[in-house]
Amino acid sequence: MRFWLGTAIAAAALATVAGTVKYEYFFFAGYTVLMFVVLATAWNILGGYAGYVNFGTPAFFGLGAYTAAVLYKATALPLALQIAAAATMAGLLGLAAGLLTLRLRGIFFAIATIALVVIMETVFINWRYAGGATGLQLLRPAPIPPFESYTKMLFVVMGVMAIAAVAIARYIERSWVGRGLRAIRDSEEAAEANGVPTLRLKVFACVVSGALMGAAGAPMPMYLSFIEPASTFNLNYAVGALASPMIGGTAHWAGPVIGAMLLASLQQIVTVTVSNEINVLLVGVLLVIFIVAAPEGIIGLAQKLRRKLASRRKAAR
Amino acid sequence: MGMFWELLPEAILFGILLGGFYAAVSMGLSVSFGLLDVPNVAHPAIMVFGSYCTYLLAQQGLDPIVAGVLLMPPFFLLGMAVYRFYYEAFERRGAEAGVRGIAFFFGVALIIEVGLILAFGVDQRMVEAAYVGVAASVGEIRIPLRMLVAFGVAVVLTVALTLYMSRTFTGRAIKAVAQDEPALRLMGADPVRIKQWAFGIATGVSALAGAMLIIVGPVEPALDRVYIGRTFAVVVLAGLGSMTGTVAAGLILGISESIVLMQFGASWAPAVSFALLLAVLGFRPQGLFGR
Amino acid sequence: MTALLQVNNVSKRFGGFTALDGVSVSIAPGERFGLIGPNGSGKTTLINCVSGLLWNDSGSIHFDGREISRLPAYKRTRGGIARTFQVPRPFSSMPVLENLLVPCQYVVQAGEAEARSLAMDILGRIGLAGKADTPSNQLSQVELRKLELARAMAARPRLLISDEAMAGLAGAEVDEVLGILFKLNESGITIIMIEHIMQAVMRFSQRVICLDAGRIICEGTPKDIVANLDVQRAYLGA
Numbered sequence: 000m001r002f003w004l005g006t007a008i009a010a011a012a013l014a015t016v017a018g019t020v021k022y023e024y025f026f027f028a029g030y031t032v033l034m035f036v037v038l039a040t041a042w043n044i045l046g047g048y049a050g051y052v053n054f055g056t057p058a059f060f061g062l063g064a065y066t067a068a069v070l071y072k073a074t075a076l077p078l079a080l081q082i083a084a085a086a087t088m089a090g091l092l093g094l095a096a097g098l099l100t101l102r103l104r105g106i107f108f109a110i111a112t113i114a115l116v117v118i119m120e121t122v123f124i125n126w127r128y129a130g131g132a133t134g135l136q137l138l139r140p141a142p143i144p145p146f147e148s149y150t151k152m153l154f155v156v157m158g159v160m161a162i163a164a165v166a167i168a169r170y171i172e173r174s175w176v177g178r179g180l181r182a183i184r185d186s187e188e189a190a191e192a193n194g195v196p197t198l199r200l201k202v203f204a205c206v207v208s209g210a211l212m213g214a215a216g217a218p219m220p221m222y223l224s225f226i227e228p229a230s231t232f233n234l235n236y237a238v239g240a241l242a243s244p245m246i247g248g249t250a251h252w253a254g255p256v257i258g259a260m261l262l263a264s265l266q267q268i269v270t271v272t273v274s275n276e277i278n279v280l281l282v283g284v285l286l287v288i289f290i291v292a293a294p295e296g297i298i299g300l301a302q303k304l305r306r307k308l309a310s311r312r313k314a315a316r
Numbered sequence: 000m001g002m003f004w005e006l007l008p009e010a011i012l013f014g015i016l017l018g019g020f021y022a023a024v025s026m027g028l029s030v031s032f033g034l035l036d037v038p039n040v041a042h043p044a045i046m047v048f049g050s051y052c053t054y055l056l057a058q059q060g061l062d063p064i065v066a067g068v069l070l071m072p073p074f075f076l077l078g079m080a081v082y083r084f085y086y087e088a089f090e091r092r093g094a095e096a097g098v099r100g101i102a103f104f105f106g107v108a109l110i111i112e113v114g115l116i117l118a119f120g121v122d123q124r125m126v127e128a129a130y131v132g133v134a135a136s137v138g139e140i141r142i143p144l145r146m147l148v149a150f151g152v153a154v155v156l157t158v159a160l161t162l163y164m165s166r167t168f169t170g171r172a173i174k175a176v177a178q179d180e181p182a183l184r185l186m187g188a189d190p191v192r193i194k195q196w197a198f199g200i201a202t203g204v205s206a207l208a209g210a211m212l213i214i215v216g217p218v219e220p221a222l223d224r225v226y227i228g229r230t231f232a233v234v235v236l237a238g239l240g241s242m243t244g245t246v247a248a249g250l251i252l253g254i255s256e257s258i259v260l261m262q263f264g265a266s267w268a269p270a271v272s273f274a275l276l277l278a279v280l281g282f283r284p285q286g287l288f289g290r
Numbered sequence: 000m001t002a003l004l005q006v007n008n009v010s011k012r013f014g015g016f017t018a019l020d021g022v023s024v025s026i027a028p029g030e031r032f033g034l035i036g037p038n039g040s041g042k043t044t045l046i047n048c049v050s051g052l053l054w055n056d057s058g059s060i061h062f063d064g065r066e067i068s069r070l071p072a073y074k075r076t077r078g079g080i081a082r083t084f085q086v087p088r089p090f091s092s093m094p095v096l097e098n099l100l101v102p103c104q105y106v107v108q109a110g111e112a113e114a115r116s117l118a119m120d121i122l123g124r125i126g127l128a129g130k131a132d133t134p135s136n137q138l139s140q141v142e143l144r145k146l147e148l149a150r151a152m153a154a155r156p157r158l159l160i161s162d163e164a165m166a167g168l169a170g171a172e173v174d175e176v177l178g179i180l181f182k183l184n185e186s187g188i189t190i191i192m193i194e195h196i197m198q199a200v201m202r203f204s205q206r207v208i209c210l211d212a213g214r215i216i217c218e219g220t221p222k223d224i225v226a227n228l229d230v231q232r233a234y235l236g237a
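Residue numbers (numbering that gives the first Met the number 0), protein chains in the order written: chain A, 0 to 316; chain B, 0 to 290; chain C, 0 to 237.
What follows is the structure in structure tokens.
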């Protein structure tokens, strides 16, 4: 109940912001923050719940973006269908990659996902129709009313996707599927011995996670009116998708949301005021500090603090 | 097609030299990941760090190979420290080392890469030496001397490491640690200290590998990304922890890359190692020489 | 009567090391069966092959008349084979009760509410009801062993394999766990007990086999086994 109330408030906030804020740059920056919320939430379904590290976010994201761009170039497909097609393609990539490597230990899956990024990038560099290494200019269509600007429309679309992604992640987390994924993370052998079809669940998580990443990539070509391989398959997406849940907390759906809001805002500020390198360095240092010192993330720290306060209150009485 | 057969001998020869070099840069990972089971995705980043250290020493007039050898002891100590930290933070606490261990080394790689960008910029750097930029001729085939030098160092490194692993007490203890820790306790050795030592060796070897990296070609901070594919492809294809396997796998990768380079051009070459890696993981995860 | 579990000529190698070398065992429904042998003799490998965590290289395994040796482990558990682990493997991110919900949902296919009441019932029977909400990484050694057993019970097995469920327990605790296993057996569950505590196996089992270096070196009633010189040699190394 509280969650649906929260969802309603988030949706209302989204509508209010879209209706009142006048700065175009706000939507431009806000889009990126929301996109990282989707990516981090998607990453956490496999990485956080099941414990399989995915370095391949750019592969899924980029495949989604290119699917949308190529379809738009070929048939001027509407955005909603671009997103659906992107999610399908990235989900299929997740299925193939999952079936191929999720039988193996986590580290092998992690390396395989790095391979996916390079292979995807190489394929699109060499595909002329999609613009090759130099990229593809795309002409935006007119925004659909009531939106007066395309960027604002994309901001709202990404906001809706963020809410949907969080709802999906939360549903999985609370259901028997999420319990099975946690069992896999805790002990794969014990999970299997207790009736959990481990491979099937991992592949399922990989497909859902990949599809959401692909969906998050779909509006990107329209957002930039441009697409090219190097920035589309950029490591930054892998870093953001992985670091946000690790810093926010992987056990709870709110962890990746908090982490992504924090890191994406940090990125907006530091990249503009100092440099992108300093931003990546900060994220790297934060990531290592949290992994070592606060493995439960910000959520875990908050819970610990709450427990401490509760026990102190009890002692005071 | 006639063209293909005409160029094939040169491609294979170049592939063998390249392969020896790939085997050498994978040796450290073969020890740290293959034998010790540490998810060291920062291995290539540490190696590129070694390249930049070599660059700095070469600026002072030192020969790059000598610089690489001089860098081995400090890198050895660095490796010991890194392993100690990893052990205290993760392995010791057991179970959940998986995700966190991988993410930790990923973070370390990221910090090294960005650190290098901040210190040196994104431009490529290279070293000068008598054998850089000169070519030797074998019949009609011209071979860059720097490739021969790197190949030579690779051979020496491989032989030395293989001998160390099979002939010395510590070397055998490292192998024992990989297979069966109780057996090691019977030998009267502390597995953590052995692993720490072995990780030190793996990192020390990476310094020399880094020197060869910058001899073979110009280096940039993000170069570690391509080498994640190459080194892991070699180590997995070899069968975890097998030294002879590492040489064979390096040659296979080198020759494949060289042929793809000749036939399809440079834009496809980076994908070769990753495609090979995916194929091995999907169809023969125990590698060529694994159990 | 047909056997519940029929292991036929099963072998398993790891590289050059032969862990199991043509092992055949037949276990009747309702039997209390003991499996002993020195460290590294292949006991755990054998039950890993039966429960599906490993696949045997050759030979066959029939459960309830059905060949199962190529089924994934989770299907064997659903088919009625449950096991505990020698080194307890709790789902450490979950509280005690939730550990049991996994088999209740995935094996018994109960809904959330039904699974909770099933799990609570088992915790009560094994004496862990008071710890239902305790995080499982805060349990003592005895409690961990009990949790292993409780989780296996929650899968409603017809065959329960107990892999050293009493290792590291003191006298009274051993009796307690033995009592639980006897009760389960009375309710019709066939039990294979792997144990180092000879006294416990001998008291519990109707029939015992002894493995050494991957082969069965003797088989019989507890009395026969105790009298058998080969077993003494295997254990004492004399």
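Here a beta-carbon is modelled for each residue, glycine too, at the ideal position from N, C-alpha and C.
Judged by DSSP in its simplified three-state form, B:R124 adopts strand. For A:F107, the nearest CB of chain B lies under 7 Å from its own CB, placing it at the interface with that chain. Within the segment 185 to 210 of chain C, the complete beta strand (DSSP E) runs of at least 3 residues fall at 189 to 193. Fewer than three pairs of CB atoms, one per stretch, sit closer than 8 Å, so the segment 184 to 204 of chain B makes no contact with the segment 1 to 13 of chain B. For C:A81, the enclosing beta strand (DSSP E) starts and ends at 80 to 82.
If the five residues before and after A:E187 are omitted, its C-beta is found closer than 7 Å to the C-beta atoms of T197, all from its own chain and listed in chain order. Within chain A, the residues S186, E188, A189 have their CB atoms less than 7 Å from the CB of C:R88, given in chain order.
Sequence-distant Cβ neighbours of B:L34 in its own chain, meaning closer than 8 Å and more than five residues away, are I173, K174, V176, A177, A197, L239, G240. Restricted to the segment 144 to 218 of chain B, the alpha helix (DSSP H) segments that are unbroken, complete and at least 4 residues in length are 144 to 166, 168 to 178, 180 to 185, 190 to 215, listed in chain order. When the Cα atoms are used, B:G264 and A:A132 turn out to be separated by approximately 14 Å.
Chain A places no beta carbon closer than 7 Å to that of B:A237, leaving this residue out of the contacts.
The Cβ of B:R92 sits no closer than 7 Å to any Cβ of chain A. In the DSSP assignment, no residue is bridged to B:F273. Sequence-distant partners of A:Y236 (beyond 5 residues in either direction) whose C-beta falls short of 6 Å from its own C-beta, in its chain, are T56, P57, F60. In the three-state reduction of the DSSP assignment, A:T121 falls in the helix class.
For B:F231, the C-beta contacts it makes with chain A under 7 Å involve I110, in order along the chain. For the pair of segments examined, the segment 207 to 220 of chain A was found to touch the segment 92 to 105 of chain A: the number of CB pairs separated by less than 8 Å reaches three. By the C-beta criterion, the segment 60 to 73 of chain B is judged to be in contact with the segment 204 to 220 of chain B, since at least 3 inter-stretch pairs fall below 8 Å. Assigned with DSSP and collapsed to three states, B:S25 falls in helix.
Below the 8 Å Cβ cutoff, chain A contributes R178, G179, A182, A190, N193, G194, V195 as neighbours of C:V101, in chain order. The beta carbon of A:L4 sits no closer than 7 Å to any beta carbon of chain B.
At a cut-off of 7 Å between beta carbons, A:L62 makes no contact with chain B. A Cβ-Cβ separation of about 15 Å leaves C:A81 out of contact with C:L100 under the 8 Å criterion.
For the pair A:V176 and A:T249, the Cα-to-Cα distance works out to about 16 Å. Three or more beta-carbon pairs separated by less than 8 Å are not found between the segment 75 to 86 of chain B and the segment 50 to 59 of chain B, which leaves the two stretches without contact. Within the same chain, and ignoring the five residues on either side of A:I162 in sequence, the residues whose Cβ sits closer than 7 Å to its Cβ are T6, A9, A10.
Any Cβ of chain B closer than 7 Å to the Cβ of A:A168 would place that residue at the interface, and such an atom is absent. Rounded to the nearest whole angstrom, the CA to CA distance from A:D185 to C:S92 is 7 Å. Within the segment 39 to 102 of chain B, complete alpha helix (DSSP H) segments of at least 4 residues are found at 42 to 58, 63 to 88, given in chain order. A:V36 and C:Q140 have their C-alpha atoms spaced approximately 41 Å apart. Bounds of the beta strand (DSSP E) holding C:N7 are 4 to 13.
Rounded to the nearest whole angstrom, the C-alpha separation of C:L96 and C:L127 is 9 Å. A buried status is given to A:Q81, since no fewer than 16 other beta-carbon atoms sit within 10 Å of its beta-carbon. Taking the Cα positions, A:L280 is about 6 Å away from B:I110. The Cβ of B:G209 sits no closer than 7 Å to any Cβ of chain A. Only those residues of the segment 39 to 55 of chain C whose C-beta falls short of 7 Å from the nearest C-beta of chain A are listed: S50, L52.
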